[in-house]
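Below is one structure, written out as structure tokens, with a few remarks after it.
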Amino acid sequence: MRVMFQLNGKPVEVDVEPRMHLADCLRDELRQTGTHLGCEHGVCGACTVVVDGAAVRSCLMLAVQAEGCTVVTVEGLSTDDALTPLQTAFRKHHALQCGFCTPGMLTTAHALLTEEPDADADRIRAALSGNLCRCTGYIPIVEAVLEARAAYQKTDKP
Amino acid sequence: MIGTNRYIGSPVERVEDLRFLRGRGEFVGDLRREGMLHAAILRSPSAHGRLRRIDTTAAYATPGVRAVITAAEIGAVPTIPLRLLPLPGTERFLQPIIAVDRVRYVGEPVAVVLADSAALAEDGVGAIALDIEELSPVADRRASGRHDILLFEESGTNLAMAFIAVSGDADAAFREAAYVRRECFQVQRYTALPMEPRGLLAEWDGAQGRMTVLGAAKVPFFNRDTLAAMLGLAPTHVDLIENDVGGGFGARGEFYPEDFLIPFAARHIGRPVRWIEDRREHLTAMNHAREADCEIEIACRQDGTILGLRGEVFIDLGAYVRTNGLIAPRTLAQFFSGPYRVPNMRITATALLTNKTPAGTYRAPGRYEASFFCERLIELAAGDLAIDSAEMRRRNLISAAEMPYKLPRLEPGGPMVDTECDSGDYGEALDRCLAEFDWAEKCKLQGQLIDGRYHGVAVACFIEGAGAGPKETARLELASDGTVAVYVGSAAVGQGLETVMAQIAADTLGIPLDRVRVFHGSTSYLEEGYGAFHSRSTILGGSAVFEGARALLEKVRAAAAARFGGSTEEIELVDDRARISDGRSVSFAELAADGLRVDTAFANNNKLTYAYGSAAAHVTVDPGTGRVELLDYLVVEDVGRIVNPLTLHGQAIGGVVQGLGGAFMENLVYDGNGQLLTGSLADYLIPTATDFPAIHAIALENHPSPSNPLGVKGAGEGAIIPVGGLIANAVAAALSSVGAEPNELPLSPPRVWRLANPS
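These protein sequence lines are chains A and B, in that order.
In terms of the numbering used here, the first sequence opens at residue 1 and continues consecutively.
In terms of the numbering used here, the second sequence opens at residue 1001 and continues consecutively.
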């Protein structure tokens, strides 16, 4: 089936099997491999992408359901080579080790702070509780997201 | 060392992060090759059975399926050799790389399907019909110990291996002791669970007779040699390539059946083949860990001085002895007493085969389990003898004056029959922990019921043996752009190896960090390497880089002296230039034309480093729900010397939270038929962002290791060690009014509820 959507600001058109989920479509058909698959049953959150502003597990959404949507992946968070304030804060706080869950953490946090730039630590923890990380123990991730709030508060969009 | 010490000891931001943060990491699942086929693996649905027939007719009829590989296609089916402790007798229990006529655990590979896409390969797997004659499964180690149903009939036993650790004369100590107590404890089966599932991409170059395998991790050189032998190729014709690796924790990177099956498939069909594990198969295919129980006695003087420990530990090893499967059993025996002075000890550790997924190492293998057993027993003794928990430990910690302190002798011990704690002041770390934790103040809450919740605090101590030999390799090469290429035999599994090695090289060479490029983990760079296990990379790999950098500087001096017609003593190295006393100078970049290169290896003669520390926890227990809330957790560890405080802190906090997963929730539950009941992440719970918000870690560098030139000690596994015992003791303290004795993990809400509400 043919599906058309906006990916990281650009229109894409792709022919997919009806059973293909969005994550496989992004990774295998569109070669955007920043979105990772850690469980393929909607628990680990590594495949989280932003669809029409909401954080979505791309392993639980069929590619054909993205028709007409605006999709942002980790590759689309920064428009140039520089890190965004959120990415910079992750690096500063050592909020990643192996880096496998990181794309999902970033997209989830980005969707949260875009909507709620004043989110407190408890709210951030709750929003990230659907993203599993095995390396960091989450504490530096929460610190990084807290620090990145300032950038979202100023401009709404970093 | 020239230049100032700018990087070692500084919180240098990681070089790896720049690609990970932008989605530009290259994990094996991100790679593809022209003409690549996808593999899916049919795994045994039975825990124990005779494999009578595999009907692949329907699978071959599935659109997109190109081949089905079973034992019949492979012919002589190899078994996986032990990487560590290949002791006599173990050859009877090695895993064949595919089931031949018998299946011994749910998840054992039976067939490999190759197809045009992963989805079609899975369709093909679903179309294979298996005829298995069910046999009674050996469901647990007690059934195994009866030896009436055998996994390997020809061996006549289910006993995989038994170890014994001895010091002094335990029986004599128990005869004379004023106080003796015997208890049983149990740790559940759980697993490392790295977030990236395993994967491999194999390419066969038929014209050259060369095999290349991407997706290697942890020990690529050992695995290269193993694969080459299995494929009948020279090791020089096999390369294992390490890409970005999404977490290891001991489990990823060992040689698994797929490490043969996927390369074999690529050669068999003459096309590249990629296999990416899904999470369900991960939970039955990757090494499990930790499952052990014990019956142990402690003997003390009335003043709490420990005189002896003796008893038996049993390990449920699963269906085969895998590459490193004997590490937890051997370590459970030798490290049972941890940081405590126990003059008389006799501990046996018996590893038994069962019809479950084979067990291997997981961060602090054996040490986490032993610490739980030992800390619980010491706490019970302290309670009986009416001695304060902290005082009981202080009294029995190995003292600085006793260093180096010899640990119990292990038989059969492999390369480490004997080992000794190298340096440190264990009491100093305990006192620091107690002070920072505000122990005295928090103890006032001990056992108190406040707002419907019982409060409990506990403290525990640990040692972290690290740096297994024999050696590690490195090559440093001056490049024509003035950078230095550093090739290391160490492997990266997500721990920040590139940054740490670059820090050591840059400081030693006196050049900026961005002039160092680190290459790691692939067999194409160096002739030999030893990899990432036993928290050894910074110790051995770092020391190899340090010594290689010093040797490279000598070559730079010599090359500069030759250019200027002077002696090496006249050469001064400043920044990245070599200057002779008359003022002439030459840049490193120019000197690169001389082909300056150093190959080096650092050997430690199996002298381990022992980082050590103490941890304290404050919990509340809700007797109505059995929920335990962790209000505060602190770990203090002396690591000898800190290379990067940022990554070190990450190891400590991450290790604690993994330990808390094991203490509270993670559990691989099997039914009596050997079926795994927790085969998804919805059933197998690990900590999430809301579970443990109050974890703190302090790193000390007061007592460097004498065994390496950097003075570093392994620091990736210390923080996880005491977590189980510490949490159980805190819960016991909270529920002391009802006499709760949490002697089994995990402390899940139902278990804690039962402890809080004794019938």
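Built from N, CA and C at the ideal position, the CB exists for glycine as well.
In angstroms with no decimal places, state the Cα-to-Cα distance between threonine 70 (chain A) and phenylalanine 5 (chain A).
Rounded to whole angstroms, threonine 70 (chain A) to phenylalanine 5 (chain A) spans 6 angstroms at the Cα level.
Roughly how many angstroms separate the alpha carbons of alanine 1072 (chain B) and alanine 1162 (chain B), rounded to a whole number?
35 angstroms
Can you tell me the Cα-Cα spacing of valine 1180 (chain B) and proline 1109 (chain B), whole angstroms?
48 angstroms
Taking Cβ-Cβ distances shorter than 8 angstroms, what residues in chain A pair up with isoleucine 1695 (chain B)?
Gly137, Ile139
Three-way DSSP call (helix, strand, coil) for cysteine 1443 (chain B) in this model
helix
Considering leucine 83 (chain A), what are the terminal residues of the beta strand (DSSP E) in which it resides?
Counting along the chain, leucine 83 (chain A) falls outside any beta strand (DSSP E), and DSSP gives it neither H nor E.
Please report the straight-line C-alpha distance between glycine 1679 (chain B) and arginine 1053 (chain B), rounded to a whole angstrom.
For glycine 1679 (chain B) and arginine 1053 (chain B), the distance between alpha carbons rounds to 26 angstroms.
Please report the distance separating the alpha-carbon of glutamate 1570 (chain B) from that of arginine 1584 (chain B).
11 angstroms
Buried or exposed for cysteine 1184 (chain B), going by 16 or more other Cβ atoms inside 10 Å?
exposed
Indicate whether at least one CB of chain B lies closer than 9 angstroms to the CB of valine 43 (chain A).
Closer than 9 angstroms to some Cβ of chain B, the Cβ of valine 43 (chain A) qualifies, so yes.
Which residues in chain A sit within 8 angstroms of serine 1680 (chain B), going by Cβ to Cβ distance?
Cys39, His41, Val43
Is threonine 1062 (chain B) buried or exposed, if buried means 16 or more other CB atoms sit within 10 Å of its CB?
Buried, because 16 or more other Cβ atoms sit within 10 Å of the Cβ of threonine 1062 (chain B).
Using a Cβ cut-off of 8 angstroms, pull out every chain A residue sitting near leucine 1646 (chain B), in sequence order please.
His94
Among B:Glu1464, B:Ala1139, B:Val1113, B:Phe1260, which one has its Cα closest to the Cα of alanine 1129 (chain B)?
B:Val1113
Quick one: is leucine 1677 (chain B) buried, meaning 16 or more other Cβ sit within 10 Å of its Cβ, or exposed?
Counting every other CB atom within 10 Å of its CB across the protein chains shown gives leucine 1677 (chain B) a total below 16, marking it as exposed.
Span separating the alpha-carbon of tyrosine 1684 (chain B) from that of leucine 1478 (chain B)
49 angstroms
Could you tell me the alpha carbon to alpha carbon distance between glutamate 1411 (chain B) and serine 1155 (chain B), rounded to whole angstroms?
22 angstroms
Could you name the residues of the same chain whose beta carbon sits closer than 7 angstroms to that of asparagine 1667 (chain B), not counting the 5 residues immediately before and after it, in chain order?
Gln1188, Tyr1190, Thr1678, Pro1746
Selection from A:Glu115, A:Asp24, A:Gly42, A:Gln32 that minimises the alpha carbon distance to valine 64 (chain A)
A:Asp24
Cβ shell of alanine 1561 (chain B) (< 8 angstroms), same chain only, five flanking positions each side left out:
Ser1567, Thr1568, Glu1570, Ile1571, Ile1580
Short CB-CB distance (under 9 angstroms) between arginine 125 (chain A) and chain B:
Arginine 125 (chain A) has a beta carbon lying within less than 9 angstroms of a beta carbon in chain B.
Strictly under 9 angstroms for the Cβ-Cβ distance: is glutamine 6 (chain A) near chain B by that measure?
It does not; no Cβ of chain B falls within 9 angstroms.
Contacts of leucine 1193 (chain B) in chain A (Cβ-Cβ under 8 angstroms):
Arg134
What residue from B:Phe1372, B:Ala1663, B:Lys1713 has the CA that sits closest to cysteine 1421 (chain B)'s CA?
B:Lys1713
Could you pull out every unbroken alpha helix (DSSP H) segment of at least 4 residues lying fully inside the segment 1113-1172 of chain B, listed in chain order?
1118-1126, 1141-1146
So, do the segment 1204-1223 of chain B and the segment 1513-1530 of chain B have three or more beta carbon pairs nearer to each other than 8 angstroms?
yes
Does the CB of serine 58 (chain A) have a neighbour CB from chain B at under 9 angstroms?
For serine 58 (chain A), no Cβ of chain B is located within less than 9 angstroms of the residue's own Cβ.
Does the segment 1003-1018 of chain B come close enough to the segment 104-114 of chain A that 3 or more CB-CB pairs lie under 8 angstroms?
no
I'd like the list of long-range same chain contacts for proline 1358 (chain B), defined as Cβ closer than 8 angstroms, with 5 residues on each side in sequence excluded.
Cβ within range, chain order: Gln1095, Tyr1105, Asn1287, His1288, Leu1317, Gly1318, Ala1319, Tyr1320, Val1321, Arg1322, Gly1325.
Sorted by chain position, which residues of the same chain lie with C-beta nearer than 8 angstroms to asparagine 8 (chain A)'s C-beta, five sequence neighbours on each side aside?
When the five nearest sequence neighbours on each side are left out, the beta carbons in the same chain lying within less than 8 angstroms of the beta carbon of asparagine 8 (chain A) are those of Gln32, Val71, Val72, Thr73, Glu75, Gly76, in order along the chain.
Presumed contact (8 angstroms Cβ cut-off) between glutamate 1254 (chain B) and histidine 1520 (chain B), rounded CB distance
Not confirmed; about 18 angstroms, so no contact.
Member of B:Leu1755, B:Asn1644, B:Asp1691, B:Arg1577 whose CA lies at the smallest distance from the CA of glycine 1626 (chain B)
B:Leu1755
For my contact list, threonine 1600 (chain B) and serine 1705 (chain B) are in at a C-beta cut-off of 8 angstroms; report their separation, rounded to the angstrom.
Incorrect: roughly 19 angstroms between the Cβ atoms, too far for contact.
Short of 8 angstroms in beta carbon distance, which residues of its chain neighbour methionine 1345 (chain B), apart from the five on each side in sequence? Order them along the chain.
Ala1165, Val1166, Ser1167, Gly1168, Ala1170, Gly1308, Leu1309, Arg1310, Phe1336, Ser1337, Pro1408
Thinking histidine 93 (chain A) and glutamate 147 (chain A) are a contact (beta carbons under 8 angstroms), I'd like their distance in whole angstroms, please.
7 angstroms
For cysteine 47 (chain A), would you say it is in contact with chain B, using Cβ-to-Cβ distances shorter than 9 angstroms as the test?
no
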